[in-house]
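Add 1282 to the 1-based position in the sequence shown for my numbering, that's all there is to it. Glycine is no exception: its CB is placed at the ideal position from the N, C-alpha and C atoms. Reviewing the structure listed below.
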Amino acid sequence: MDRIKNDAIRQKFGVAPIADKMREARLRWYGHILRGKEDSVFKIGLNFEVIGKRPRGRPKQRWSATLHKELKVAGVHPDLALDQQIWRHGIRSGFKGIVLTTTSGQWVRFVLVKGIKS
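Here you go:
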């Protein structure tokens, strides 16, 4: 029996790696939370800080730390999630063609991809 690597099978059938799918799901959920109401349980939980000392040992991997790392790698500001159409397109395309800049403290969105309204 021949052994075939998972990467070869994914490439043959055009399936994205599971890490990419998980990243896409996390970013999609984050956008959903940011666009929600201020008093929603999800938004309160996102900003909730636990009082007290953490246990000894290596710090646990937190969802927020993973999310901030992914946003930094993508070079995307969280405010971009407030526009659902651009955010959805950005998640699916890996944020290629979307540039977010600031002028005098205000964020300005430039969408370089055809078919998306800014």
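Exposure of F1295 is indicated by the presence of fewer than 16 other C-beta atoms within 10 angstroms of its C-beta. Judged by beta-carbon spacing, G1372 lies beyond the 8 Å limit of L1364, meaning their Cβ atoms are not closer than that value. In this structure, DSSP gives G1372 a helical state, which the three-state scheme calls helix. Judged by pairs of C-beta atoms under 8 Å, the segment 1304-1316 touches the segment 1347-1354, as three or more such pairs exist. Every unbroken stretch of the alpha helix (DSSP H) spanning 4 or more residues and falling wholly within the segment 1288-1333 is given here in chain order: 1288-1295, 1300-1317, 1323-1328.
Taken through DSSP and simplified to helix, strand or coil, D1365 comes out as coil.
P1299 and R1292 do touch by the CB rule: their CB atoms are close to 6 Å apart, below 8 Å.
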